[in-house]
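Here's the structure, in structure tokens; my notes come after.
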Amino acid sequence: MRPAGPVRPPSLTENCSHGGRSSSRTRAGKVTSEKLDGDITKAKVLAAIQRLPTGKAPGPDGFSAEYYKAVGPLLALVLTRLYNELGRLLPYLPRCN
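By full-length UniProt numbering, the letter at position 82 of the sequence shown is numbered 82, and the numbering carries on one by one without gaps.
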């Protein structure tokens with residue numbers, strides 16, 4: 001049976017997983033905060049991919065660490081641009097607290 005009236009999609013803040021706590025970025029010290037404000041580099045993305053543990057189940061995207069390690073050099077530039085753009089959008093996203 002369908003609900004009466006229009007179905008309202010959940011807001012972006014309804015499903016916050018940290019229980020209303022402030023993000024680690026707001027709790028970070030000055031030095032850490034300054035490091036977080038810089039752009040992510042392709043070298044950092046590649047280094048993070050290489051540190052992924054192998055032999056584990058894939059994440060929610062369905063791709064395993066082995067996959068990311070195999071295609072990392074091809075994806076690194078795209079992921080770097082994506083992460084930096086997301087970082088620039090963070091101030092405009094709703095907060096979960």
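For every residue, glycine included, the Cβ atom is placed at its ideal position computed from N, Cα and C. Quick caveat, the model's predicted, so the values are computed rather than measured.
Item: Determine the extent of the alpha helix (DSSP H) in which P73 is found, giving its start and end residues.; Value: 65 to 89
Item: Check whether the Cβ atoms of I40 and Y68 lie closer than 7 angstroms to each other.; Value: no
Item: What three-state label does DSSP hand A48 in the structure shown?; Value: helix
Item: Buried or exposed: where does A47 fall if 16 or more other Cβ atoms within 10 Å of its Cβ makes it buried?; Value: exposed
Item: Using 8 angstroms as the cut-off, can you tell me whether the region 73 to 80 makes contact with the region 44 to 61, which would need three or more C-beta pairs spanning the two stretches below that distance?; Value: yes
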